[in-house]
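Heads up, the sequence shown is in the numbering used here, so the first residue is 374 and it goes up one at a time.
Positions of the beta carbon are idealized from the N, C-alpha and C atoms, including for glycine.
For reference, the structure is listed below as structure tokens.
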Amino acid sequence: MDITPLINWVIKTPTLFEASCPLVAKVPFTPPAPEQRWPNYQGNPRLGFVYQFICQQLFTRTPRYNAVSEEIQLNEDGKTLGAIDFITKNRHTDAYEHWEVAIKFYLLHQGLWYGPNAEDRLDIKLAHMLNHQLSLSTRLEFCQTYPLWANAQPHLLMQGRLYTNPFQAEPIPKECLGYSLNCSQIQGHWCYQDQVSLIDEPLYSLDKPQWLTGREKTSPTDFAEQHYEEFVHCQSESGIFWFIMPRHWPASAKFNHPK
374 MDITPLINWV IKTPTLFEAS CPLVAKVPFT PPAPEQRWPN YQGNPRLGFV
424 YQFICQQLFT RTPRYNAVSE EIQLNEDGKT LGAIDFITKN RHTDAYEHWE
474 VAIKFYLLHQ GLWYGPNAED RLDIKLAHML NHQLSLSTRL EFCQTYPLWA
524 NAQPHLLMQG RLYTNPFQAE PIPKECLGYS LNCSQIQGHW CYQDQVSLID
574 EPLYSLDKPQ WLTGREKTSP TDFAEQHYEE FVHCQSESGI FWFIMPRHWP
624 ASAKFNHPK
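So this is what it looks like as structure tokens:
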């Protein structure tokens, strides 16, 4: 997979939240030179894995960071407690930083932001990142194993897009768990399959990498003629991103644990 278009999207796109420690509003990466060449991605095609690979590439090419370590597993008595995304050293401050990164897409429904997989929800994900993931670098097991990183400063980078249903009016939340949402990223739309006829322009189906960058000239437009049991992610002729959801969404979700 050529990650160059995805790199450009990550560099230019604001985060889902306004700045409020440990949440950041801008990516920490230096824009690469136009002639920069990137390795092809050959790993797991899920967007979360692709996004972490992109962040790793950008961290290692950002002059203010060095000593980048990633996917640091933390165990206790043979049990996995979790994995830290990145530990970096900031050359400007001479301090180590703990970074957690996530790429997410959420749809507003009855006051809550659900993922296309409705078991994923913004408030649940944010709480998990703040209370579990970022706390890993403060645990005794981590500090004893990596004493040099014991006081790593926590940072949370969350990018993606937020979607509203224009055919079901409801107030748009301005915050989640007390953290202000970045209104510039509330820019997508969603609707149910039986509402598609209300959209007055062609829609183009998107592959997973295109969820970020948008459609290509070869993107198909035949999705509306078929019946889908699950969701479809599309982009309209004018550039608006759309999720088309089955009627059972999100009622079938079971919230057993954070994703």
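Worksheet item: Can you name the residues that DSSP bridges to N448?
Response: Sequence index remark: in the sequence shown, residue 448 carries index 75 (1-based). Answer by DSSP bridge pairing, in chain order: T453.
Worksheet item: If you follow the beta strand (DSSP E) that W486 is part of, which residue opens it and which one closes it?
Response: What you label residue 486 is simply residue 113 of the sequence shown in a count that begins at 1. Where W486 is concerned, the enclosing beta strand (DSSP E) starts and stops at L485 to Y487.
Worksheet item: Grouping DSSP H, G and I as helix and E and B as strand, with all else coil, what is H501?
Response: Here residue 501 refers to the residue found at position 128 of the sequence shown. Of the three classes helix, strand and coil, the one that applies to H501 here is helix, per DSSP.
Worksheet item: If Y552 and I476 are in contact, beta carbons under 8 Å, what's the gap, nearest whole angstrom?
Response: If you number the sequence shown from 1, residue 552 lands on position 179. If you number the sequence shown from 1, residue 476 lands on position 103. Incorrect: roughly 17 Å between the Cβ atoms, too far for contact.
Worksheet entry | Range of the contiguous beta strand (DSSP E) that encloses Y479 | Here the question's residue 479 lines up with position 106 in the sequence shown. Here the beta strand (DSSP E) through Y479 covers A468 to H482.
Worksheet item: Hey, would you say N413 sits closer than 8 Å to Y438, going by beta carbons?
Response: By one-based count along the sequence shown, residue 413 stands at place 40. By one-based count along the sequence shown, residue 438 stands at place 65. Taking 8 Å as the Cβ cut-off, N413 and Y438 do not qualify as a contacting pair.
Worksheet entry | Under 8 Å between C-beta atoms of E443 and D458 | For this step, residue 443 is matched to residue 70 along the sequence shown. For this step, residue 458 is matched to residue 85 along the sequence shown. At a Cβ-Cβ threshold of 8 Å, E443 and D458 count as neighbours.
Item to complete: Measure the Cβ-Cβ separation of L529 and L571 and say whether it is below 8 Å.
Response: Taking the first residue of the sequence shown as position 1, residue 529 is located at position 156. Taking the first residue of the sequence shown as position 1, residue 571 is located at position 198. Not closer than 8 Å, so no.
Worksheet item: Y519: which of N448, R434 and F422 sits nearest, CA to CA?
Response: In the sequence shown, the residue the question calls residue 519 occupies position 146. Of N448, R434 and F422, the residue nearest in Cα terms is N448.
Fill in: Which residues DSSP lists as bridging H528, in chain order
Taking the sequence shown and counting its residues from 1, the one referred to as residue 528 is at position 155. W472, per the DSSP bridge assignment.
Fill in: Endpoints, the alpha helix (DSSP H) within which Y424 is located
As a first step, residue 424 is located in the sequence shown; it is residue number 51 there, counting from the start. Element bounds for Y424: L420 to T433.
Worksheet item: Could you give the C-beta distance for H505 and N538, rounded to a whole number, given that I count them as a contact under 8 Å?
Response: For this step, residue 505 is matched to residue 132 along the sequence shown. For this step, residue 538 is matched to residue 165 along the sequence shown. That pair is no contact at about 31 Å.
Worksheet item: alpha helix (DSSP H) containing F616: first to last residue?
Response: Here residue 616 refers to the residue found at position 243 of the sequence shown. Element bounds for F616: not the alpha helix (DSSP H) but the beta strand (DSSP E), F614 to M618.
Discussion item. Can you tell me whether I545 is buried or exposed? The criterion is at least 16 other CB atoms within 10 Å of its CB, across all chains shown.
Written reply: For the purposes of this step, residue 545 is taken as the residue at position 172 of the sequence shown. Flag for I545 reads exposed.
Discussion item. According to DSSP, is T377 part of a helix, a strand, or is it coil?
Written reply: Within the sequence shown, the letter at position 4 stands for residue 377. Helix.
Discussion item. Quick check: the Cα distance between L521 and R494, rounded to an integer number of angstroms?
Written reply: Locating residue 521 in the sequence shown gives position 148, where the first residue counts as 1. Locating residue 494 in the sequence shown gives position 121, where the first residue counts as 1. Cα to Cα, the separation comes out at about 35 Å.
Discussion item. Which residues does DSSP list as the beta-bridge partners of K462?
Written reply: In the sequence shown, residue 462 corresponds to position 89, counting from 1. In the DSSP assignment, the residues bridged to K462 are N439 and Y469.
Worksheet item: When DSSP labels each residue in this structure, what does T511 get in the three-state scheme?
Response: Position 138 of the sequence shown, counted from the first residue, corresponds to residue 511. Correct three-state label for T511: helix.
Fill in: Inter-residue Cα distance where the pair is M618 and V605
Along the sequence shown, one-based indexing puts residue 618 at 245. Along the sequence shown, one-based indexing puts residue 605 at 232. So the alpha carbons of these two residues sit roughly 7 Å apart.
Worksheet item: Could you give the distance in angstroms between the alpha-carbon of F426 and the alpha-carbon of P407?
Response: Within the sequence shown, the letter at position 53 stands for residue 426. Within the sequence shown, the letter at position 34 stands for residue 407. About 19 Å.
Worksheet item: Is the beta carbon of Q532 less than 8 Å from the beta carbon of T388?
Response: Start at 1 with the first residue of the sequence shown, and residue 532 comes out as number 159. Start at 1 with the first residue of the sequence shown, and residue 388 comes out as number 15. Yes, the Cβ-Cβ distance between Q532 and T388 is below 8 Å.
Worksheet item: Taking C-beta to C-beta, are L550 and A500 nearer than 8 Å?
Response: If you number the sequence shown from 1, residue 550 lands on position 177. If you number the sequence shown from 1, residue 500 lands on position 127. In this structure, A500 lies closer than 8 Å to L550 by Cβ.
Discussion item. Considering just the uninterrupted stretch of the alpha helix (DSSP H) at Q583, what are its terminal residues?
Written reply: Within the sequence shown, numbered from 1, the residue matching residue 583 stands at position 210. Counting along the chain, the alpha helix (DSSP H) containing Q583 begins and ends at Q583 to T586.
Discussion item. Residues in the same chain with beta-carbon distance under 7 Å from H386, minus the five sequence neighbours each way, listed in chain order, please.
Written reply: Reading the sequence shown from its first residue, position 13 is the one you call residue 386. According to the sequence as given, residue 386 is Thr; it is not His. Cβ contact annotation for T386 (same chain, cutoff 7 Å, sequence separation greater than five): Q532, in chain order.
Item to complete: Identify the continuous beta strand (DSSP E) that holds Q608 and give its terminal residues.
Response: Your numbering for residue 608 matches position 235 in the sequence shown. Per DSSP, the continuous beta strand (DSSP E) segment holding Q608 begins and ends at V605 to S609.
Item to complete: Indicate the three-state DSSP secondary structure (helix, strand or coil) for C564 in the structure shown.
Response: Your numbering for residue 564 matches position 191 in the sequence shown. Strand.
Discussion item. Between the alpha carbons of K581 and F540, how many angstroms are there, rounded?
Written reply: Indexing the sequence shown from 1 puts residue 581 at position 208. Indexing the sequence shown from 1 puts residue 540 at position 167. Looking at the two C-alpha atoms, the distance is approximately 25 Å.
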